[in-house]
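Visitor: Mind having a look at this structure? Questions to follow.
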Amino acid sequence: MLVTTATRYGDAVPWHLLRTAKEYDVTLVTVLDRVPHQLAAEVSRQYAGLLTAAGLGDVPRFTIPELPESAGGGSGLLPATAVAALRAWLTQHAQDPYARTVAAARTAAGTLASLRARMPALAGAAAAQHAAAVRLIQRVEGAYGEAGERVRREIAQGAALAGGALTHWHGLPHGSAPDELLTALTDSLATLLRSAAATADERVAEAGRHDPAARAGLAPCDARGAAERIGVAVRHWRRCAEELAEEEARARIAERGGSCVPEEIAALLAASLLGGRRARKAGEKLAEALGAHAALRLGDRGGRLLDGCVTRVMRAERDRRLAPLDALDMSPEHQVELIAALSVLQKER
1 MLVTTATRYG DAVPWHLLRT AKEYDVTLVT VLDRVPHQLA AEVSRQYAGL
51 LTAAGLGDVP RFTIPELPES AGGGSGLLPA TAVAALRAWL TQHAQDPYAR
101 TVAAARTAAG TLASLRARMP ALAGAAAAQH AAAVRLIQRV EGAYGEAGER
151 VRREIAQGAA LAGGALTHWH GLPHGSAPDE LLTALTDSLA TLLRSAAATA
201 DERVAEAGRH DPAARAGLAP CDARGAAERI GVAVRHWRRC AEELAEEEAR
251 ARIAERGGSC VPEEIAALLA ASLLGGRRAR KAGEKLAEAL GAHAALRLGD
301 RGGRLLDGCV TRVMRAERDR RLAPLDALDM SPEHQVELIA ALSVLQKER
């Protein structure tokens with residue numbers, strides 16, 4: 001039932017609804033509500049002409065006049081006579097089982113029939129949506145994958161051993177404490193990761209600047225949140241590195257006796273992993289403190305730990321950006337499923 005007014009019956013919205021109802025073969029009735037009684041006949045005639053021109057001339061149409069007793073200073077209530085015809089139509093369709101059955105069957109059949117024309121466009125849209133999702137996923141994965149490789153290259157080049165970290169390295173052990181060097185190296189690693197993540201964000205943003213799918217399917221950049229998440233990840237890496245160093249130091253003491261300070265081992269491990277060629281002496285000092293075999297074992301374990309940290313950071317930032325897209329659960333099967341579902345419906349009719 002479409003209810004409109006004398007001033008709005010020509011608007012686009014009601015006519016869109018009317019045409020859609022016709023397309024679906026819906027049982028339809030339309031009401032011109034509270035038309036000034038002096039204009040009721042003329043407005044009703046014009047509305048009827050528009051309905052006929054749109055192929056809707058057989059649609060039941062009711063005009064409800066605005067009468068003096070329901071307008072202005074009146075009660076606002078329409079008299080029963082003004083709505084008698086509409087009331088009778090509604091009563092008949094509500095109480096007559098045959099009328100109800102016909103209306104329901106007609107609407108169901110019309111809706112199902114309309115699917116045949118609409119389904120190709122819907123299936124095509126599903127395919128286009130999946131293609132857009134694949135495009136976004138590849139773009140984001142590529143950006144953060146390259147960001148991870150960039151951090152690994154910078155680590156191999158010793159980029160983390162710069163500034164304060166380099167000063168503490170040169171000052172070890174007399175001018176700087178092992179903990180100061182480890183803290184400076186941890187901060188440098190966090191800086192490398194933040195910079196790489198920000199570059200990945202910029203790449204994704206630039207590539208998606210003119211892509212509506214990027215705005216709708218990806219989480220926005222979050223530099224502050226990324227800095228906090230990276231800080232947590234790097235601090236976790238530091239604790240794990242310290243645990244590895246303490247484990248090897250204890251093993252060294254148990255095997256050979258003497259002293260072996262875990263804090264110094266942890267600082268040397270971090271320097272050897274993050275300092276590149278600038279810190280090649282860190283490996284030599286580890287070998288002197290732990291033995292060559294233990295130093296190699298610690299370096300391998302620490303390297304895997306560091307690589308895992310880089311991987312987890314970039315994967316977490318990538319997954320955060322892709323989370324809205326993942327929630328949509330788009331797949332290439334959707335298009336096939338739509339076509340198959342339509343086929344089943346057509347057979348069951």
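Per full-length UniProt numbering, residue 1 is the first one in the sequence shown, and the count goes up by one each step.
We put the beta carbon where it would ideally sit given N, CA and C, even for glycine.
Remember, predicted model here, so these are calculated numbers, not experimental data.
If you follow the beta strand (DSSP E) that Pro36 is part of, which residue opens it and which one closes it?
Guide: Locating residue 36 in the sequence shown gives position 36, counting from the first residue. From DSSP, the beta strand (DSSP E) with Pro36 extends over 30-36.
Visitor: Going by DSSP in three states, Pro65 sits in which element: helix, strand or coil?
Guide: Position 65 of the sequence shown, counting from 1, holds the residue named residue 65. It is a strand residue.
Visitor: Using only the alpha-carbon positions, how far apart do Thr107 and Gly231 sit?
Guide: By one-based count along the sequence shown, residue 107 stands at place 107. By one-based count along the sequence shown, residue 231 stands at place 231. Cα-Cα distance, rounded: 60 Å.
Visitor: Across the region 25-34 and the region 108-116, are there enough close Cβ pairs to call them in contact, namely three or more that are closer than 8 Å?
Guide: The region 25-34 vs the region 108-116: in contact.
Visitor: Quick check on Val3: does DSSP put it in helix, strand or coil?
Guide: Numbered from its first residue, the sequence shown carries residue 3 at position 3. Here Val3 sits in strand by DSSP.
Visitor: Span of the alpha helix (DSSP H) holding Cys309?
Guide: The residue you call residue 309 lines up with position 309 of the sequence shown. Cys309 -> alpha helix (DSSP H) spans 292-328.
Visitor: Please classify Glu337: is it buried, with 16 or more other beta-carbons within 10 angstroms of its beta-carbon, or exposed?
Guide: Within the sequence shown, residue 337 is the residue found at index 337, counting from 1. Flag for Glu337 reads exposed.
Visitor: Kindly indicate which residue of Arg235, Cys240, Gly217, Glu206 has the alpha-carbon position closest to the one of Gly303.
Guide: As a working mapping, residue 303 is identified with position 303 in the sequence shown. Looking at the Cα atoms, Cys240 is the closest of the given residues.
Visitor: CA-CA distance, Val3 and Met119?
Guide: For the purposes of this step, residue 3 is identified with residue 3 of the sequence shown, where counting begins at 1. For the purposes of this step, residue 119 is identified with residue 119 of the sequence shown, where counting begins at 1. Straight-line Cα distance between these residues: approximately 30 Å.
Visitor: Taking C-alpha atoms, which residue in Gln46, Val151, Arg8, Tyr47 lies nearest to Leu306?
Guide: One-based indexing of the sequence shown puts residue 306 at position 306. Among Gln46, Val151, Arg8, Tyr47, the Cα nearest to that of Leu306 belongs to Val151.
Visitor: Would you say Ala267 and Pro332 are within 8 Å of each other, going by their C-beta atoms?
Guide: Walking along the sequence shown from the start, residue 267 turns up at place 267. Walking along the sequence shown from the start, residue 332 turns up at place 332. Going by C-beta atoms, Ala267 is not nearer than 8 Å to Pro332.
Visitor: Do you know offhand how far Leu17's Cα is from Tyr9's?
Guide: The sequence position of residue 17 within the sequence shown is 17, counting from 1. The sequence position of residue 9 within the sequence shown is 9, counting from 1. Spanning the two alpha carbons is a distance of roughly 12 Å.
Visitor: Please say whether Gly217 and Ala133 have beta carbons closer to each other than 8 Å?
Guide: Walking along the sequence shown from the start, residue 133 turns up at place 133. Walking along the sequence shown from the start, residue 217 turns up at place 217. Yes. Within cutoff.
Visitor: Do you know offhand how far Ala196's Cα is from Arg235's?
Guide: Locating residue 196 in the sequence shown gives position 196, counting from the first residue. Locating residue 235 in the sequence shown gives position 235, counting from the first residue. Roughly 18 Å separates the two Cα atoms.
Visitor: Smallest Cα separation from Val202: which of Glu180, Tyr98, Ala223?
Guide: Along the sequence shown, read from residue 1 onward, the residue named residue 202 stands at position 202. According to the sequence displayed, residue 202 carries Glu and not Val. The shortest C-alpha separation from Glu202 is found at Ala223.
Visitor: Okay, do the region 273-293 and the region 248-260 touch, 3+ Cβ pairs below 8 Å being the bar?
Guide: Contact holds: three or more Cβ-Cβ distances are below 8 Å.
Visitor: Does DSSP classify His210 as helix, strand or coil?
Guide: For this step, residue 210 is matched to residue 210 along the sequence shown. Three-state DSSP puts His210 in coil, outside helix and strand.
Visitor: Using only alpha-carbon positions, find the residue among Ile339, Leu77, Gly76 that is nearest to Gly124.
Guide: One-based indexing of the sequence shown puts residue 124 at position 124. Of the candidates Ile339, Leu77, Gly76, the one whose C-alpha sits nearest the C-alpha of Gly124 is Ile339.
Visitor: Excluding the 5 residues flanking Ala6 on each side, which residues of the same chain have their C-beta closer than 6 Å to its C-beta?
Guide: By 1-based counting over the sequence shown, the position of residue 6 is 6. Once the five neighbours on either side are set aside, the close Cβ partners of Ala6 are Val35, Val43.
Visitor: Please state whether DSSP places Leu161 in a helix, a strand or coil.
Guide: For the purposes of this step, residue 161 is taken as the residue at position 161 of the sequence shown. Reduced to three states, the DSSP call for Leu161 is coil.
Visitor: Mind checking which residues open and close the alpha helix (DSSP H) that includes Thr20?
Guide: Mapped onto the sequence shown, residue 20 falls at position 20. Unbroken alpha helix (DSSP H) run through Thr20: 12-23.
Visitor: Whether or not the region 275-285 and the region 146-164 are in contact is what I'm after, with contact meaning three or more pairs of Cβ atoms, one per stretch, closer than 8 Å; do they touch?
Guide: Yes: at least three Cβ pairs fall under 8 Å.
Visitor: Evaluate Tyr47 with the Cβ neighbour count: other Cβ atoms within 10 Å of its Cβ, from every protein chain shown; 16 or more gives buried, anything less gives exposed.
Guide: As a first step, residue 47 is located in the sequence shown; it is residue number 47 there, counting from the start. With 16 or more other Cβ atoms within 10 Å, it is buried.
Visitor: Please determine, among Arg19, Gly76, Ala213, the residue with the shortest C-alpha to C-alpha distance to Leu325.
Guide: Position 325 of the sequence shown holds residue 325. Residue Ala213 is the option with its Cα nearest to Leu325.
Visitor: Consult DSSP for Tyr47 and reduce its assignment to one of helix, strand or coil.
Guide: As a first step, residue 47 is located in the sequence shown; it is residue number 47 there, counting from the start. Looking at Tyr47 - three-state DSSP - the assignment turns out to be helix.
Visitor: Note down, in chain order, each residue of its chain lying with its Cβ closer than 7 Å to the Cβ of Gly76, except the 5 sequence neighbours on either side.
Guide: Residue 76 sits at position 76 when you count from the first residue of the sequence shown. These residues qualify, in order along the chain: Ser70.
Visitor: What does the Cβ neighbour count give for Arg252, buried or exposed, with the cut at 16 atoms within 10 Å?
Guide: For this step, residue 252 is matched to residue 252 along the sequence shown. Buried is the call here.
Visitor: Assign Asp201 to one of three DSSP states: helix, strand, or coil.
Guide: Numbered from its first residue, the sequence shown carries residue 201 at position 201. Looking at Asp201 - three-state DSSP - the assignment turns out to be helix.
Visitor: What's the C-alpha gap between Gly171 and Ala219?
Guide: Counted from its first residue, the sequence shown places residue 171 at position 171. Counted from its first residue, the sequence shown places residue 219 at position 219. So the two alpha carbons sit approximately 44 Å from each other.
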